[in-house]
Amino acid sequence: MVLLLRDILYEIARVFNDTAVYILFGFLIAGLLKFVLSPERIRKYMGQRDTRSVLYASLLGIPLPLCSCGVLPTALSLKKEGAARGSTVSFLISTPETGMDSISVTYGLMDPLMAAFRPLAAFSTAITAGILSNVLDGKPEVEEHPHADCSCHAMPINSSNGQGHQGPGPNGQPICCPACARPDLSLKEKTKLLFRYSFQELVDEIAGWLMASLWIAGLISALIPDAFVREYLGSGMGSMLIMAAVGAPLYMCATSSTPIAAALVLKGLNPGAALVFLLTGPATNAGALAMIARFLGGRTAAIYLGSIILMSLFFGLLINQVYAFLGWNPMATMGQATEWLPGPVKLASSFVLALLLLGSLRRTGGRSFWRAYRRVVWRKGRR
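Put into structure tokens, the structure is as follows:
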């Protein structure tokens, strides 16, 4: 028992040490993109019911670090602001399936080919679902004007997030414009906001799930025999269907799903099945599907889910063929990107990331993890 626990802790520490520098880099890039890709800019390119808006929405969603539940209020808000149905669906897929943080972790923990295929598959899936939603769901778009009762003329307040107004709305309504004028911030204030989002808010969002995924990866590495994965999940369409069935109902962010997929590949899972898990896990879960069906319609929800599953299977088959064509052994290429990093850099990054995670747990008490756990496990148990 002691030896087993030692093996599990060793695997957790190994994965943590290998990925820490890439996680920190991903957090920083995600924070920079938070300032570049403002909601106002996103709305500008998502308003038309055409292929161009779907393309823009798919591109805009790829670098953003939002999970499937976190992206829902953002996407629905954009829908109310005038985004077309197809654009909204595209944004709902490309955003949770990948992000700058998860791309960075995929490169470090897996290999460059998987890191390239992951955003490519997310982008293609988002375009497919968006176009199909525009073509097959013929319900007319409901035009909304969310700024009608907002006090966009009021003076801006120097709030911590650079937004807000003073005074009530013109009809006594509460001020509701998140996209109204912002005060000019100094470079010092912008830098402070950047680091707070990158290394506090974003860490708080995924800390619980990241720690849970490291434990799961450690358990897989220590407990599951190599022969078991190779025999039952090694190759073929069957393994991809199993991973799609496992990933679809789960709540899991793109970053935290990566250590689990990498551990399975090292045990013998084919990279195509791992890619299916990386695409279906972050983009779909029971709660998200229910919300999409409620606000965008049952037909759109069916197009959303069907596109994700079918396109993930297609890219799973494709990436297996690419590995075979290149003559790469995925079990040999996994994690090679971390080998060039000096040991002190890895240790320093691990120390910094550990401090950030401990700070997040102190602030939140791991609420994000336990909310997701109750949603996935406890409610199912009650049924």
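No gaps in the numbering here: position 5 of the sequence shown is 810 in my numbering, and each next residue is one more.
Ideal Cβ positions, reconstructed from N, Cα and C, are used throughout, including at glycine.
Practice task
At 4 residues or longer, and completely inside the segment 1019 to 1093: list those alpha helix (DSSP H) runs for me, N to C.
Solution key: DSSP assignment within the segment 1019 to 1093 yields the following whole alpha helix (DSSP H) runs of 4 residues or more, N-terminal first: 1031 to 1038, 1042 to 1052, 1059 to 1071 and 1076 to 1088.
Practice task
Determine the burial state of residue 809: buried for a count of at least 16 other Cβ atoms within 10 Å of its Cβ, exposed for fewer.
Solution key: As a position in the sequence shown, residue 809 is number 4, starting the count at 1. Residue 809 comes out exposed.
Handout entry: Enclosing alpha helix (DSSP H) for residue 924 [first to last residue]
Key = Here residue 924 corresponds to residue number 119 of the sequence shown, with the count starting at 1. It spans 917 to 941 - the alpha helix (DSSP H) in which residue 924 sits, taken as one unbroken run.
Problem - Which of helix, strand or coil DSSP assigns to residue 867 - result: Taking the sequence shown and counting its residues from 1, the one referred to as residue 867 is at position 62. Under the three-state reduction of DSSP output, residue 867 falls in the coil class, being neither helix nor strand.
Practice task
Could you tell me the distance, in whole angstroms, from the CA atom of residue 890 to the CA atom of residue 935?
Solution key: One-based indexing of the sequence shown puts residue 890 at position 85. One-based indexing of the sequence shown puts residue 935 at position 130. Between residue 890 and residue 935, the C-alpha separation is close to 8 Å.
Handout entry: Beta-carbon gap between residue 1080 and residue 919 smaller than 8 Å
Key = Numbered from 1 along the sequence shown, position 275 holds the residue referred to as residue 1080. Numbered from 1 along the sequence shown, position 114 holds the residue referred to as residue 919. Yes. Within cutoff.
Exercise for the section: Just the C-alpha distance for residue 1012 and residue 1109, rounded to the nearest angstrom, thanks. Expected result: For the purposes of this step, residue 1012 is taken as residue 207 along the sequence shown, with counting starting at 1. For the purposes of this step, residue 1109 is taken as residue 304 along the sequence shown, with counting starting at 1. So the alpha carbons of these two residues sit roughly 28 Å apart.
Handout entry: Closest Cα partner of residue 895 within the set 909, 905, 880 and 1166
Key = Reading the sequence shown from its first residue, position 90 is the one you call residue 895. Residue 880 is the option with its Cα nearest to residue 895.
Practice task
Give me the Cα-Cα distance between residue 1068 and residue 834, rounded to the nearest whole angstrom.
Solution key: Walking along the sequence shown from the start, residue 1068 turns up at place 263. Walking along the sequence shown from the start, residue 834 turns up at place 29. One C-alpha to the other measures close to 26 Å.
Problem - Cα-Cα separation, residue 941 to residue 820 - result: Here the question's residue 941 lines up with position 136 in the sequence shown. Here the question's residue 820 lines up with position 15 in the sequence shown. If I take the Cα positions, the gap works out to 44 Å.
Problem - Start and end residues, alpha helix (DSSP H) containing residue 998 - result: Reading the sequence shown from its first residue, position 193 is the one you call residue 998. Going by DSSP, residue 998 is part of the alpha helix (DSSP H) stretching over 992 to 1001.
Problem - residue 854 in three-state terms, based on DSSP - result: Here residue 854 corresponds to residue number 49 of the sequence shown, with the count starting at 1. Coil, per DSSP.
Exercise for the section: With residue 1005 as the anchor, note down where its alpha helix (DSSP H) starts and where it stops. Expected result: Working through the sequence shown from its first residue, we reach residue 1005 at position 200. In the DSSP assignment, residue 1005 falls outside any alpha helix (DSSP H) and carries neither an H nor an E.
Exercise for the section: Could you say which of 1019, 806, 1162 and 1064 lies nearest to residue 817 if we only look at CA atoms? Expected result: Translated into positions along the sequence shown, residue 817 becomes position 12. Of the listed residues, the one whose Cα sits closest to residue 817 is 1019.
Exercise for the section: State buried or exposed for residue 1009, treating a residue as buried only when at least 16 other CB atoms are found within 10 Å of its CB. Expected result: Stepping through the sequence shown from its first residue, residue 1009 is reached at position 204. Within a 10 Å sphere around the beta-carbon of residue 1009 sit 16 or more other beta-carbons, which makes this residue buried.
Exercise for the section: Could you check the C-alpha separation between residue 887 and residue 853 for me, to the nearest Å? Expected result: Counting from 1 along the sequence shown, the entry for residue 887 is found at position 82. Counting from 1 along the sequence shown, the entry for residue 853 is found at position 48. If I take the Cα positions, the gap works out to 8 Å.
Exercise for the section: Mind checking which residues open and close the alpha helix (DSSP H) that includes residue 818? Expected result: Position 13 of the sequence shown, counted from the first residue, corresponds to residue 818. Taken as a continuous stretch (DSSP letters only), the alpha helix (DSSP H) holding residue 818 covers 807 to 841.
Exercise for the section: Compare the beta carbon distance of residue 910 and residue 1060 with 8 Å and say whether it is the shorter of the two. Expected result: On the sequence shown, position 105 is the one that residue 910 refers to. On the sequence shown, position 255 is the one that residue 1060 refers to. Yes, Cβ-Cβ distance for residue 910 and residue 1060 is below 8 Å.
Handout entry: Uninterrupted alpha helix (DSSP H) stretches inside the segment 1143 to 1170 (no shorter than 4 residues)
Key = Unbroken alpha helix (DSSP H) stretches of 4 residues or longer found wholly inside the segment 1143 to 1170: 1148 to 1169, given in chain order.
Practice task
Check whether the Cβ atoms of residue 923 and residue 1055 sit closer than 8 Å, and answer yes or no.
Solution key: For the purposes of this step, residue 923 is identified with residue 118 of the sequence shown, where counting begins at 1. For the purposes of this step, residue 1055 is identified with residue 250 of the sequence shown, where counting begins at 1. It is not a contact, given that the beta carbons lie outside the stated cut-off.
Practice task
To the nearest angstrom, report how far apart residue 1006 and residue 1058 are at their CA atoms.
Solution key: One-based indexing of the sequence shown puts residue 1006 at position 201. One-based indexing of the sequence shown puts residue 1058 at position 253. Answer to the nearest angstrom: the Cα atoms are 15 Å apart.
Practice task
Kindly list the residues whose CB is nearer than 7 Å to the CB of residue 1035, restricted to its own chain and excluding five residues on each side of it in sequence; keep chain order.
Solution key: Your numbering for residue 1035 matches position 230 in the sequence shown. By the criterion of a C-beta distance shorter than 7 Å, residue 1035 is surrounded in its chain by 1073, once the five residues flanking it on both sides are discounted.
Problem - Contact under 8 Å by Cβ, residue 1112 with residue 933 - result: Position 307 of the sequence shown holds residue 1112. Position 128 of the sequence shown holds residue 933. Result yes, Cβ atoms of residue 1112 and residue 933 sit closer than 8 Å.
Problem - Contact the segment 855 to 862 vs the segment 823 to 832: 3+ CB pairs below 8 Å - result: Of all C-beta pairs linking the segment 855 to 862 to the segment 823 to 832, fewer than three are shorter than 8 Å, placing the two stretches out of contact.
Exercise for the section: Using beta-carbon positions only, say whether residue 1114 and residue 1053 come within less than 8 Å of one another. Expected result: Working through the sequence shown from its first residue, we reach residue 1114 at position 309. Working through the sequence shown from its first residue, we reach residue 1053 at position 248. Their beta carbons are under 8 Å apart, which means residue 1114 touches residue 1053 by this criterion.
Exercise for the section: Within 10 angstroms of the Cβ of residue 1131, are there 16 or more other Cβ atoms? Answer buried if so, exposed if not. Expected result: Position 326 of the sequence shown holds residue 1131. Result: exposed.
Problem - Own chain partners of residue 1169 with C-beta closer than 6 Å, once the 5 adjacent residues on each side are dropped - result: Mapped onto the sequence shown, residue 1169 falls at position 364. Residues of the same chain with a CB within less than 6 Å of the CB of residue 1169, apart from the 5 flanking positions on each side, are 1009 in chain order.
Exercise for the section: Closer than 7 Å by C-beta to residue 1085: which residues in its own chain qualify, once you throw out the five before and the five after it? Chain order, please. Expected result: Working through the sequence shown from its first residue, we reach residue 1085 at position 280. Same-chain partners within the cutoff: 1049, 1052, 1053, 1113, 1114 and 1117.
Exercise for the section: Can you grab the Cα-Cα spacing for the pair residue 1096 / residue 1017, in whole Å? Expected result: Within the sequence shown, numbered from 1, the residue matching residue 1096 stands at position 291. Within the sequence shown, numbered from 1, the residue matching residue 1017 stands at position 212. Roughly 25 Å between the two C-alpha positions.
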